[in-house]
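Structure, as structure tokens:
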Amino acid sequence: MALEAGGYAEKLGNRYEANWIAYQLLRLLQEKISYVTVEPIGDDEVGVDLVIGNNDGSYEHHQCKASSGNNEYWPLSKLHSSNILKNASFQIGRGATEFHLVSPLSSRIISDLSESALNSNAMPFDFLEHQVKQSQEREKCFRSLCEYLGLCVESEEDVRKAMLFLQRFKIIRYDLNKHSLTELEDKASSLFSGSSTKLVQFLKYYPVEYSKLRNKITANHLLDDLKKAGFVARGIPEDQRVLSVVDNLSKEFDESIQPFLICNQLIKRKELDYIIESLTETPVTLLRAEAGVGKSSLLLELHNYLRERGAISVPVRLDRRNPEDNLDTYGRALGFPYSPPLSLSALSKHSKVVIILDQLDAIRWTGAHSNIALHICQELIRQTIALRKEGADISIVLASRDFELNEDIALSSWLGSISESLHAVILSTLDEEIVDELVSPFETYSLLSSVKKEILKIPLWLGIYLTIAHRTQTAPSFNNKLELVKNFWDD
138 MALEAGGYAE
148 KLGNRYEANW
158 IAYQLLRLLQ
168 EKISYVTVEP
178 IGDDEVGVDL
188 VIGNNDGSYE
198 HHQCKASSGN
208 NEYWPLSKLH
218 SSNILKNASF
228 QIGRGATEFH
238 LVSPLSSRII
248 SDLSESALNS
258 NAMPFDFLEH
268 QVKQSQEREK
278 CFRSLCEYLG
288 LCVESEEDVR
298 KAMLFLQRFK
308 IIRYDLNKHS
318 LTELEDKASS
328 LFSGSSTKLV
338 QFLKYYPVEY
348 SKLRNKITAN
358 HLLDDLKKAG
368 FVARGIPEDQ
378 RVLSVVDNLS
388 KEFDESIQPF
398 LICNQLIKRK
408 ELDYIIESLT
418 ETPVTLLRAE
428 AGVGKSSLLL
438 ELHNYLRERG
448 AISVPVRLDR
458 RNPEDNLDTY
468 GRALGFPYSP
478 PLSLSALSKH
488 SKVVIILDQL
498 DAIRWTGAHS
508 NIALHICQEL
518 IRQTIALRKE
528 GADISIVLAS
538 RDFELNEDIA
548 LSSWLGSISE
558 SLHAVILSTL
568 DEEIVDELVS
578 PFETYSLLSS
588 VKKEILKIPL
598 WLGIYLTIAH
608 RTQTAPSFNN
618 KLELVKNFWD
628 D
């Protein structure tokens, strides 16, 4: 395809690359790939517009070329003079799984040789004798390719290198036309409600407008920015995309705690800093406290903190999502394709992943199935620890009441067995300064008896106190917890 010279050709080239970026970002949102880097830096920059991270850990280097001068296809000589062969050879030599030349134009002879290299017996001279020398055209092309790559066809090792190049060098046909734009908009419409045209336009220029050039763009980060920009994800029946499952669990967790917060707000707890530090140091963090001290609200605070910083937080309340059967079955019950840690493992290669299990003590009260529930939790944590040892950035936070940790022999014994991988954080009662500020509109905290002070330092009882106080616009009269509860029901 011959383009007009000058500024028009440059603008069309930029449009072409922008469309390819939007196409890859839609694949990212579909979780078909794990990350996209636009305009990489360092050695990755050589002859490369995008780096694509695959879910299996491999990666591809993409170069976009909307034209080949006045040619209707890619001659080998033009691939050489444009430094495409040189750049592709450099990236493949560095370990790129594949180098993709993305273009509306093809190269039949390169595609044919690549197909032969992929279907060879891996013996260089057999490939040369029986697959390359089938025709004078193929042999001439292969010899020219070797010459351009600085390889000698008489050397077995050099022919092996040429075979590797052909196996990893791909020319991907991608046309910039009405059909390709419609395809982009259809993909966008299947994922988000509203104007698909606006979404595609957003994706085209997202790396530039949101300062994401030279950075790994993950689906998690992209989804957050899309939400902030006002785009609404479409509910898809039986959607097994991992981040969609995470989003649903997040909403469920938030809705189960938010209505019961003291004065409809999260009270900052100093133990949050201890948990954050523990996430870096150990695979498993155990949050323990007496009943009513605010474990769930602290976990919500942690969940919000992680999401604000681009981490993937996966909160599950075990009192509402009781583990049954086995870990894979439980994962599917939550919405994952299989066990939660393994479902999240690909994401943990490029983003921090934290699984939050609230109400661990609840599995003790599942009757005859308590042993199965405990076994599933044990397996979930074993998988998390194993992934962490393999280099995955994944952690787990458990929360339980002290009573169960002290009284349940099976639970305490198991936690003791993983002590080397576990750090415990003890959640204390509220600081007096916080309580003083909250009760000050109704009475002076410092003038209360020591018994009342201790009661109000426990979030559960402070919440009941403030509910009564806000309703009656006066401080409730009480001397113990029982009287406070009676006032609540009488009110």
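In my numbering, each number is its position in the sequence shown, counted from 1, plus 137. Note that the Cβ used here is the ideal one computed from N, Cα and C, for glycine as well. Just so we're clear, the structure is a prediction, and the values are computed from it rather than from any experiment.
Quick test of your reading: residue i and residue j, contact by CB under 8 Å. State the CB separation rounded to the nearest angstrom.
i    : j    : result
L165 : A356 : 5 Å
A426 : I563 : 7 Å
Q419 : S257 : Checking the sequence shown, residue 419 turns out to be Thr, not Gln. Not really, about 49 Å apart at Cβ, beyond 8 Å.
E176 : I189 : About 13 Å; that fails the 8 Å criterion.
A370 : M300 : That belief does not hold up - the Cβ atoms of A370 and M300 are roughly 44 Å apart, past 8 Å.
N156 : L313 : 6 Å
N285 : L222 : First, the amino acid is wrong: residue 285 is Tyr here, not Asn. The pair is a contact, with the Cβ atoms about 5 Å apart (cut-off 8 Å).
F368 : F329 : 5 Å
Buried or exposed, going by whether 16 or more other CB atoms sit within 10 Å of the CB of residue i?
i    : result
D193 : exposed
S304 : Ser is not the amino acid found at residue 304; the sequence shown has Gln there. Result: buried.
Y602 : buried
H440 : buried
I531 : buried
S632 : In the structure displayed, the chain extends from 138 to 628; residue 632 sits before or after that span and is not available.
R608 : exposed
K623 : exposed
Y145 : Any reading at Y145 needs caution, since the residue's pLDDT is 45, under 50, leaving its predicted position unreliable; the model's value is listed next. By the neighbour-count rule (16 or more Cβ atoms within 10 Å), Y145 is not buried but exposed.
G143 : With a pLDDT of only 47 at G143, under 50, the local geometry of the prediction cannot be trusted, and no value is derived from it.
R406 : buried
S577 : exposed
R454 : buried
S614 : exposed
P596 : buried
W626 : exposed
K277 : exposed
A225 : buried
I449 : buried
Q200 : buried
Q520 : buried
K315 : exposed
I513 : buried
A259 : exposed
D630 : In the structure displayed, the chain extends from 138 to 628; residue 630 sits before or after that span and is not available.
L416 : buried
V588 : exposed
P477 : buried
Y342 : exposed
D462 : exposed
P374 : exposed
T566 : buried
K489 : buried
Q268 : buried
Residues bridged to residue i by DSSP?
i    : result
Y172 : G190
Y342 : Answer is none; Y342 lacks a bridge partner.
L535 : L423, L494
R454 : D495
V562 : L424
E197 : I189, E235
F329 : A370
K594 : According to DSSP, K594 bridges with nothing at all.
K353 : T174
I449 : V490
Is there a C-beta anywhere in chain C that falls below 8 Å from the one on residue i?
i    : result
N256 : This model lacks chain C altogether; it includes just one protein chain.
Jot down the residue ranges of each uninterrupted alpha helix (DSSP H) in the segment 364-419, minimum 4 residues, whole runs only, in chain order.
379-394, 408-418
Those runs of the beta strand (DSSP E) which lie wholly inside the segment 272-319 and span at least 3 residues
306-310
Validate contact between the segment 271-284 and the segment 197-212 using beta carbons, cut 8 Å, 3 pairs
no
Considering only residues of the segment 229-273, which uninterrupted alpha helix (DSSP H) runs meet the minimum length of 4 residues and lie entirely inside it, listed in chain order?
245-255
For the structure I just gave you, are there three or more beta carbon pairs, one from the segment 401-411 and one from the segment 459-471, closer than 8 Å?
no
Answer yes if the segment 494-501 comes into contact with the segment 526-540, meaning at least three C-beta pairs across the two stretches below 8 Å, and no otherwise.
yes
Should the segment 167-185 be regarded as contacting the segment 224-233, the criterion being three or more beta carbon pairs within less than 8 Å?
yes
Are there three or more Cβ pairs, one per stretch, closer than 8 Å when the segment 324-331 is compared with the segment 162-176?
yes
Counting pairs of Cβ atoms below 8 Å between the segment 374-388 and the segment 335-348, do you hit three or more?
no
Quick one: complete alpha helix (DSSP H) runs, 4+ long, within the segment 461-489?
464-471, 477-481
I want to know whether the segment 306-318 touches the segment 247-263 - three or more CB-CB distances under 8 Å.
yes
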